[in-house]
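One structure is given below, encoded as structure tokens.
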Amino acid sequence: QQQVKQSPQSLIVQKGGISIINCAYENTAFDYFPWYQQFPGKGPALLIAIRPDVSEKKEGRFTISFNKSAKQFSLHIMDSQPGDSATYFCAASYAGTYKYIFGTGTRLKVLA
Amino acid sequence: DAGVIQSPRHEVTEMGQEVTLRCKPISGHDYLFWYRQTMMRGLELLIYFNNNVPIDDSGMPEDRFSAKMPNASFSTLKIQPSEPRDSAVYFCASSLGGREQFFGPGTRLTVL
Chain A
1 QQQVKQSPQS
11 LIVQKGGISI
21 INCAYENTAF
31 DYFPWYQQFP
41 GKGPALLIAI
51 RPDVSEKKEG
61 RFTISFNKSA
71 KQFSLHIMDS
81 QPGDSATYFC
91 AASYAGTYKY
101 IFGTGTRLKV
111 LA
Chain B
1001 DAGVIQSPRH
1011 EVTEMGQEVT
1021 LRCKPISGHD
1031 YLFWYRQTMM
1041 RGLELLIYFN
1051 NNVPIDDSGM
1061 PEDRFSAKMP
1071 NASFSTLKIQ
1081 PSEPRDSAVY
1091 FCASSLGGRE
1101 QFFGPGTRLT
1111 VL
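As structure tokens, then:
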């Protein structure tokens, strides 16, 4: 039972372009939505996170857009750089717990 | 500051053997999480502790898996007996408060 659906599976973007990764969830009891970045051979690292009472959150070149009614959220990477090439995971957790349900991941490649 | 420390980084064992994975969380963190990552199932939470007490072990696949946290600076994940389908990368993560989880580098387990 996949509770967080992530797309696309892979993404190729030119340097300087915008990378967009989407996630959709089913359970309205989720109340926290983080994005993690993982480089090969490393553990995931928290990038940015949002709560459902906010429609957008920006940190540097990374922005989360959140659509509560559609039960969707997305990660936008502005001015994408080759160093951003990694796998990105969205996740969600239920109110009152810290059990994350992760999406299946998006492998991003930014061409120089 | 040292991040989450895991050992060993790689483990190769034969089916039926006992495997013990170790984790040292970031000093001062009160939550500890064990995750498993595979191509087929993605990143999934096995168990998490708060102040050394197991809070949610619903992700532990079966009785062959056990986890302990005898003190605030050490945790183990044990598989006995191991099976080839246990082959995966096992991550330990720690957090202060539970939300922002810091992952270790992982242990790559191969069961032959």
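Keeping their order, the protein sequence lines are chains A and B.
The opening position of the first sequence corresponds to residue 1 in this note's numbering, with each subsequent residue numbered one higher.
The opening position of the second sequence corresponds to residue 1001 in this note's numbering, with each subsequent residue numbered one higher.
Note that CB positions come from ideal geometry on N, CA and C, so glycine has one too.
Here the structure is a predicted model, which is why all the values come from computation and not from measurement.
Original post:
Within this structure, are the beta carbons of residue 21 of chain A and residue 74 of chain A separated by less than 8 Å?
Top reply: Counting from 1 along the first sequence, the entry for residue 21 of chain A is found at position 21. Counting from 1 along the first sequence, the entry for residue 74 of chain A is found at position 74. For residue 21 of chain A and residue 74 of chain A, yes; Cβs fall inside 8 Å.
**OP:** State yes or no: is the beta carbon of residue 47 of chain A nearer than 8 Å to at least one beta carbon in chain B?
**Re:** Counting from 1 along the first sequence, the entry for residue 47 of chain A is found at position 47. With 8 Å as the cut-off, residue 47 of chain A does not count as an interface residue toward chain B.
**OP:** On a CA-only basis, which of B:1051, B:1088 and B:1063 is nearest residue 1025 of chain B? Give me that one, please.
**Re:** Here residue 1025 of chain B is taken as the residue at index 25 of the second sequence, counted from 1. Residue 1025 of chain B has its Cα closest to that of B:1051, out of B:1051, B:1088 and B:1063.
Subject >> Alpha-carbon to alpha-carbon, residue 1107 of chain B and residue 45 of chain A >> reply: Reading the first sequence from its first residue, position 45 is the one you call residue 45 of chain A. Reading the second sequence from its first residue, position 107 is the one you call residue 1107 of chain B. Roughly 16 Å between the two C-alpha positions.
**OP:** Report yes if the C-beta distance between residue 33 of chain A and residue 66 of chain A is below 8 Å; otherwise report no.
**Re:** On the first sequence, residue 33 of chain A is found 33 positions in, with the first residue counted as 1. On the first sequence, residue 66 of chain A is found 66 positions in, with the first residue counted as 1. In terms of Cβ geometry, residue 33 of chain A and residue 66 of chain A form a close pair [threshold 8 Å].
Original post:
Whose C-beta lies closer than 7 Å to the C-beta of residue 106 of chain A among residues of the same chain, with five residues either side of it excluded?
Top reply: Stepping through the first sequence from its first residue, residue 106 of chain A is reached at position 106. So the qualifying residues of the chain are 6, 8, 9, 10, 11, 21, 87 and 88.
Original post:
Which one of A:81, A:72 and A:98 has the shortest CA to CA distance from residue 56 of chain A?
Top reply: Translated into the one-based positions of the first sequence, residue 56 of chain A becomes position 56. Minimum Cα distance to residue 56 of chain A is reached at A:72.
Original post:
Are the C-beta of residue 1046 of chain B and some C-beta of chain A separated by less than 8 Å?
Top reply: Numbered from 1 along the second sequence, position 46 holds the residue referred to as residue 1046 of chain B. Contacts with chain A at 8 Å (Cβ-Cβ) do not include residue 1046 of chain B.
Original post:
Can you name the residues of chain B whose CB is closer than 7 Å to the CB of residue 58 of chain A?
Top reply: As a first step, residue 58 of chain A must be located in the first sequence, where it is residue number 58. In chain order: nothing, as chain B lies at least about 18 Å away.
**OP:** Compare the C-beta of residue 96 of chain A with all C-beta atoms of chain B and state if any pair is closer than 8 Å.
**Re:** For the purposes of this step, residue 96 of chain A is taken as the residue at position 96 of the first sequence. No, its Cβ sits nowhere closer than 8 Å to a Cβ of chain B.
Original post:
From this set, B:1100, B:1090 and B:1005, which residue's C-alpha is nearest residue 1036 of chain B's C-alpha?
Top reply: For the purposes of this step, residue 1036 of chain B is identified with residue 36 of the second sequence, where counting begins at 1. For residue 1036 of chain B, the nearest C-alpha among the options comes from B:1090.
**OP:** Counting only the same chain and skipping the five closest in sequence on each side, list residues whose C-beta sits under 6 Å from that of residue 1077 of chain B.
**Re:** Locating residue 1077 of chain B in the second sequence gives position 77, counting from the first residue. Taken in chain order, the residues that qualify are 1021, 1034 and 1067.
Subject >> Pick from A:35, A:95 and A:102 that is closest to residue 28 of chain A, judged by C-alpha positions >> reply: Here residue 28 of chain A refers to the residue found at position 28 of the first sequence. Scanning A:35, A:95 and A:102 for the CA closest to the CA of residue 28 of chain A turns up A:95.
Original post:
Name the chain B residues whose beta carbon is nearer than 8 Å to that of residue 5 of chain A?
Top reply: Along the first sequence, one-based indexing puts residue 5 of chain A at 5. Residues of chain B passing the Cβ test: none, with the nearest at roughly 12 Å.
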